[in-house]
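Numbering (the numbering used here), first residue to last: 12 to 637. Note that CB positions come from ideal geometry on N, CA and C, so glycine has one too.
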C-alpha cells in the first residue's frame with residue numbers, strides 16, 4: 012500500500028515548529044554566550060589604558076654584589092576628570108581616615124591638579140609608599156571614591172648605606188622631561204635624577220607595557236578589551252655591572268667619617284673606577300621615593316658641610332705637591348732638567364738674596380728622585396722657571412703654553428669623559444689669562460706666578476683628574492678614559508656587552524717616568540710619606556699640603572705595586588694639615604685593603620686612628636665648585 016503524503020497543513024505546522032525551535036536555541040545561545048561577552052561593554056562607561064611599569068635594571072659591583080634592589084610600592088592615583096564631576100559629594104573624611112592622611116594633605120594635593128600641572132584625563136600619583144594593609148583596605152572601598160585608583164609598581168631601593176653620590180637617586184619627572192621624552196613619560200613617572208641612575212636612565216628604565224580595560228560607572232575594572240589581545244608586556248630594564256668594589260667603597264667611606272674631602276681609586280690598566288667617595292655623604296635610602304624624602308632632602312640641602320656635593324668630580328682643588336711630578340717629567344722631556352741634577356735649598360726658593368717661597372728643612376736634593384722624596388719647593392720652582400723661560404725670561408708666554416700642552420695630555424684642564432653626570436674640567440691657566448690679568452703692567456714674568464711650580468696658584472684639578480694623573484705615571488706614559496660601568500647585561504636578550512675605554516698616550520719618554528716612579532717610591536720609604544709604607548707592597552706616592560687660611564688641606568696620590576700597578580689613588584682631606592698626617596695613611600690603608608683584603612695587625616693602630624680622627628671642627632669647607 013503506497014505511503015500517504017503529508018498534506019500542506021502538516022508541512023506548515025512542522026516548518027513553524029522548526030523555526031520556533033531554532034529561534035529559541037538562538038536566543039539561548041545569545042543569552043548564554045554573546046550576551047555575556049557584551050554585557051561588560053554595556054555596563055561600562057568607557058575603556059582606559061593602564062601602564063605596566065617594568066622592573067628597573069639592577070646595578071652590581073665588579074664582583075657581582077647588588078648595589079640596588081627593586082621593591083614593590085603601593086600608590087594611590089587620581090584622574091582629575093573622574094573626580095571633579097563628583098567632588099561636591101566626595102567623602103573626604105572617610106577617604107583621609109582610610110589612607111591615614113590629614114585633610115590638609117588632601118587639600119594641598121588636589122589643587123595641584125586644578126592648577127594644570129597634570130593631565131585631566133590621565134592618572135597621576137596622589138600618594139606613594141602606601142602600606143600593603145592600607146592598600147588592600149582601600150581597594151575594597153574604591154567604589155566610594157570616584158577618580159581614585161590603586162596601583163602597584165616597583166620602587167628603587169639600596170641595600171647598603173654607601174655610594175650615595177655614585178648611585179644617585181630617583182625622582183618624579185618634570186614637565187620638561189615629559190615634553191622631551193617623546194611620549195615615554197607621563198606625570199607621576201619616576202626617572203634617575205643624579206649619579207648612575209641618571210647617566211644610564213635609558214638603559215635601566217626598560218620599556219612600559221600596557222593593559223586596555225573596560226571600566227564601570229564607579230571607575231572599577233570591568234574586563235579586558237578584546238580579552239587582552241591588544242595588551243603589551245613590559246620589558247625589564249638592563250642590568251649594569253659597575254667597576255666599583257663594594258668592600259673598598261664601604262671601607263673608604265668609614266675612613267672618611269667626620270672628614271671633608273674625597274677619595275678616587277682607579278685600576279691603571281683599564282681606567283676602571285674602583286671607588287669614588289665624597290665626604291661627608293648620606294644614606295642613599297634617605298632619598299628613596301616615600302613620604303620622608305622631602306624632609307630628608309631639605310635637611311641635606313641646608314647642611315653647611317654640603318653632603319649633596321660630589322667632591323670627587325664637582326670639587327676643584329689645587330693639586331699641591333703631587334703636581335711636582337709633572338714638573339719633573341716635562342722639564343726632563345724638554346731638556347731643561349737632568350735626572351741627576353743637584354739644586355740647593357737655602358730654606359726655600361731664593362732670588363735677589365731673598366727667600367720668595369719657603370720650604371721645610373731637609374737634606375740637599377742631589378737628583379730628581381731626592382727632590383720628589385723630600386718635596387723640595389726650591390728644586391721645583393727652579394726647574395719650572397728654567398723651563399718656562401727657556402725662550403727668554405722676557406717672553407714666558409711660549410714656554411707656558413708648551414708646558415700646558417703636556418698637561419693637557421694628562422687630561423688636565425678638560426673633562427676626562429667619565430660616564431657620569433656633572434664632571435667639570437678644572438683649570439689650567441694660560442698665557443692669555445696672565446696677559447689679561449697683568450694688563451695694567453703691560454707684561455708679566457714667570458717668577459710672578461712661581462706658585463704654579465708647586466701646584467698652587469690658579470691650578471684647579473678634580474680628585475678624579477689627580478687620581479688619573481697617578482694612573483698615567485703608574486702606566487709610564489698612558490691612561491684610559493675613567494669609567495664606572497664595565498658591562499651591560501641585556502638579560503632579556505641573554506647577551507653581555509663589555510665597554511672598552513679609549514687609551515691616551517703621553518709624549519714623554521718612558522725613562523723619565525721611571526725616574527719619577529723611583530722618586531715616588533723613595534717618598535714612601537725614606538721621604539715625606541713613610542707612614543704610607545706597607546710591608547710587602549711597593550707603594551709609590553707623593554704627599555701634598557695645600558695652604559689655606561682655615562687650615563691646610565692634606566692630599567696624597569699613590570699607586571701600587573710599583574712594577575705591576577693594580578690601584579692608583581687620590582685622597583684629599585680638607586683642613587687635614589700636612590699630607591703625611593691624614594691623607595697618606597688613609598691611602599695606604601685603602602691600598603692594603605684592596606691588595607691584601609685586610610689590614611695587618613701591626614697596622615691596626617693606624618687604622619683605628621684614622622677611623623677616629625675628626626677633621627670637621629677645624630674649619631669650614633673651602634672647596635671651590637663650578
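Annotation for residue 247: no beta strand (DSSP E) segment contains it, and DSSP assigns it neither H nor E. As the crow flies, the alpha-carbon of residue 138 is around 9 Å from that of residue 110. With 16 or more other Cβ atoms inside 10 Å of its own Cβ, residue 327 counts as buried. Annotation for residue 281: 491, 512 place their beta carbon closer than 7 Å to its own, counting only its chain and skipping 5 residues before and after. Membership of residue 476 in any beta strand (DSSP E) is not indicated; the residue belongs instead to the alpha helix (DSSP H) covering 474-485.
Residue 498 carries a strand assignment under DSSP once its states are collapsed to helix, strand and coil. If you look at residue 379, you'll find it in the alpha helix (DSSP H) that goes 379-385.
As the crow flies, the alpha-carbon of residue 339 is around 24 Å from that of residue 278. The C-beta of residue 390 has 16 or more other C-beta atoms within 10 Å across all chains shown, which makes the residue buried. In the DSSP annotation of this structure, the continuous segment of the alpha helix (DSSP H) that includes residue 416 starts and ends at 407-420.
The alpha carbon of residue 590 has as its nearest neighbour, out of 610, 112, 542, the alpha carbon of 542. With a cutoff of 7 Å on beta-carbon distance, residue 584 and residue 565 are scored as near each other. Residue 442 sits in a helix when the DSSP states are folded into three classes. If you look at residue 263, you'll find it in the alpha helix (DSSP H) that goes 257-266. Within the DSSP bridge table, the entry for residue 181 names 203 as partners. In its chain, beyond the 5 residues on either side, 407, 410, 457 have a beta carbon closer than 7 Å to the beta carbon of residue 400.
Residue state for residue 535 is assigned as helix, using DSSP reduced to three classes.
Around the beta-carbon of residue 381, 16 or more other beta-carbon atoms lie within 10 Å, marking it buried. Apart from the 5 residues on each side of it in sequence, residue 462 sits with its Cβ closer than 6 Å to the Cβ of 468 in its chain, given in chain order. In this structure, residue 283 lies away from residue 162, with their beta-carbon atoms at least 7 Å apart.
One thing to note: residue 578 has its Cβ no nearer than 7 Å to the Cβ of residue 598.
Secondary structure of residue 143 (DSSP, three-state): helix. With contacts defined by Cβ atoms closer than 7 Å, residue 217 and residue 209 do not form a contacting pair.
By the beta-carbon neighbour count (other beta carbons within 10 angstroms, threshold 16), residue 67 is buried.
Per DSSP, the continuous alpha helix (DSSP H) segment holding residue 343 begins and ends at 335-344. In the DSSP secondary-structure assignment, residue 253 is bridged to 496.
Distance check between residue 405 and each of 432, 257, 429, 442 places 442 closest, using alpha-carbon atoms only. Separation of residue 614 and residue 553 (C-alpha to C-alpha, rounded to the nearest whole angstrom) is 20 Å. By the Cβ neighbour-count rule, residue 169 is buried, with 16 or more other Cβ atoms within 10 Å of its own.
Counting C-beta atoms within 10 angstroms of its own C-beta, residue 372 has fewer than 16 neighbours from the protein chains shown and is therefore classed as exposed.
Excluding residues up to 5 positions away in sequence, 274, 288, 290 lie with their Cβ nearer than 7 Å to the Cβ of residue 267 in the same chain.
The bridge partners DSSP lists for residue 86 are 162. Annotated three-state conformation of residue 293 is coil, per DSSP.
Per DSSP, the unbroken alpha helix (DSSP H) holding residue 323 starts and ends at 322-325. In this structure, residue 606 and residue 557 do not form a Cβ contact; the two beta carbons are roughly 28 Å apart against a cut-off of 8 Å. Going by C-alpha positions, residue 159 is about 21 Å away from residue 184.
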